[in-house]
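Taking it in order: structure first as structure tokens, then the write-up.
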Amino acid sequence: YQMARTETEFFNHVGDYMIYWYEMPQKTSDKFARGTSGDSAYPYRIWILGDYRCKIREISSDLYELELEDVRISQGYYENALKEGYDMRFALEATEPGYSLYCRFDGDYLYLYLEDGKTLFATYCAYDDEEEEALYDAIRTNDFDMSQFTFPRHADGTCDYENAASGEEIYKKRIVNGVYRAKENLRLREKEGTSGAVITAMPAGTRVKILSLGKEETIDGITDNWVEVETLIGSKNIEGDLIPGEVGWCFGGYLK
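Here the working numbering is used: the sequence shown runs in plain steps of one and ends on residue 277.
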């Protein structure tokens, strides 16, 4: 989200130049580390090595093309990084020519597409400093005051959330590649529908990523889609066995 705000401020000026070389090397993350704060531990990424530059071209008022070009890393820099324990995931020289990414703005949203211009890679939304601090407080205290957040809107004024500020139940469109948690113990099935054979059962709080959307159905008064999901790293079944990467179907109304 912070990236989205930075990119928005940057791209708003790109149109004046049409094509612009951003020569400052960008940074890439390469290694996870573990930090502590009080009695809590958290993972974070160590940022190292600049390895690309980009040319930005305005296609329309809300669509920009980023032409990325890899930059060679010196042999000495590469060897020193290896000695320091970094697992380098890129070659000394680019093995492919430059490639493009596409950024499309839609109101408060920024969508990032891969080179084919169709495959959605990431979605960002803008927020202000007050909302950022409110979010940090909510994470620390596990107490969310929804009135402190302004939910993002599309350029046409529509919002994917309803009645959020009032604290009423929020309706959210299920998003492919979105990460959700099970509201309660939840069965993972071989196919969509309650007739699908049960693969495993997940406890409340299990994190899953949606792979695809299925048919819409009303269960227990809840209308939502069946969704194909994949369990994430650290997921366990109700017996306590690890089940990362398990793929199956569940009812989206039982996810949050």
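The beta carbon of each residue, even a glycine, is placed where N, CA and C say it ideally should be.
Taking one beta carbon from each stretch, the region 192-206 and the region 225-237 have 3 or more pairs nearer than 8 Å; the two touch. In the DSSP assignment, the residues bridged to N246 are E237.
Apart from the 5 residues on each side of it in sequence, I243 sits with its Cβ closer than 6 Å to the Cβ of G274 in its chain, given in chain order. In the DSSP secondary-structure assignment, I231 is bridged to V250. If you draw a straight line from the Cα of D181 to the Cα of T171, it is about 12 Å long.
Taken through DSSP and simplified to helix, strand or coil, Y148 comes out as coil. The alpha-carbon of A155 is positioned some 7 Å away from that of Q169. Under the three-state reduction of DSSP, E100 is assigned to helix. If you draw a straight line from the Cα of T252 to the Cα of A222, it comes to about 11 Å.
In the same chain as Y120, and ignoring 5 residues on each side of it, the C-beta atoms closer than 7 Å to its own belong to L89 and E136, in chain order. Comparing C-alpha distances from R202 to each of V248, E105, L87 and T140 shows the shortest one belongs to V248.
When DSSP states are grouped into helix, strand and coil, E88 belongs to the strand group.
Just so you know, the alpha carbons of L122 and L84 end up roughly 11 Å apart. Remark: C-beta atoms of G235 and E260 do not approach each other more closely than 8 Å. Approximately 44 Å separates the beta-carbon atoms of E151 and I220; this is outside 8 Å, ruling out the contact. Residue burial annotation: G138 is exposed, with fewer than 16 other C-beta atoms found within 10 angstroms of its C-beta.
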